[in-house]
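*Asks:*
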Amino acid sequence: MDSAASRILKARQYAMERDQRVKVHSFEVELHGDNSNHIVSYERGTWHCDCEEFNLRSVCSHVMAMEEILGESVEPAMMATPVIP
Ligand SMILES: [Zn+2]
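Just so we're aligned, residue 24 is where the sequence shown starts under the numbering used here, counting upward by one.
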């Protein structure tokens with residue numbers, strides 16, 4: 024096998040095993056929500072979103088969507104303490 028072919032195979036394997044192979048340190052994305060766009064960012068385990076829900080609960084559907092996409096490659100966002108009436 025030539026080196027280009029083996030590189031492609033390796034890359035494919037790393038991508039498939041991303042939950043074990045890849046750890047995200049930081050990123051910033053724009054998520055197109057139903058009502059407006061939101062900037063979701065992540066820095067070494069700390070999530071942030073510019074929406075109101077995140078402000079109130081430290082978690083929101085935009086952050087949860089990115090968790091879903093990135094899987095084990097990121098630390099889970101802090102779950103909000105349920106408000107007991
Ligand atoms: Zn949000």
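The beta carbon of each residue, even a glycine, is placed where N, CA and C say it ideally should be.
(1) Measuring straight from C-alpha to C-alpha, what distance separates HIS85 and VAL97?
(2) Determine the extent of the beta strand (DSSP E) in which HIS55 is found, giving its start and end residues.
(3) I'd like the list of long-range same chain contacts for CYS72, defined as Cβ closer than 6 Å, with 5 residues on each side in sequence excluded.
(4) Less than 8 Å between C-beta atoms, sequence neighbours within five positions excluded: which residues of the same chain meet that for VAL52?
(5) For the alpha helix (DSSP H) that VAL86 lies in, which residues bound it at each end?
(6) Per DSSP, GLU66 forms a beta bridge with which residues?
(7) What residue range does the alpha helix (DSSP H) around ASP42 cover?
*Replies:* So, from the listed chains and residues:
(1) Here the question's residue 85 lines up with position 62 in the sequence shown. Here the question's residue 97 lines up with position 74 in the sequence shown. HIS85 and VAL97: Cα-Cα distance of roughly 14 Å.
(2) Here residue 55 refers to the residue found at position 32 when the sequence shown is read from its first residue. Start and end: 49-55.
(3) Counted from its first residue, the sequence shown places residue 72 at position 49. Hits under 6 Å: HIS61, VAL63, CYS83, HIS85 and VAL86.
(4) What you label residue 52 is simply residue 29 of the sequence shown in a count that begins at 1. Correct list, in chain order: ILE62, VAL63, SER64 and MET89.
(5) The residue labelled residue 86 in the question sits at position 63 within the sequence shown. Run containing VAL86: 84-93, per the alpha helix (DSSP H) assignment.
(6) By one-based count along the sequence shown, residue 66 stands at place 43. Answer is SER49 and THR69.
(7) Within the sequence shown, residue 42 is the residue found at index 19, counting from 1. Segment 41-44, the alpha helix (DSSP H) holding ASP42.
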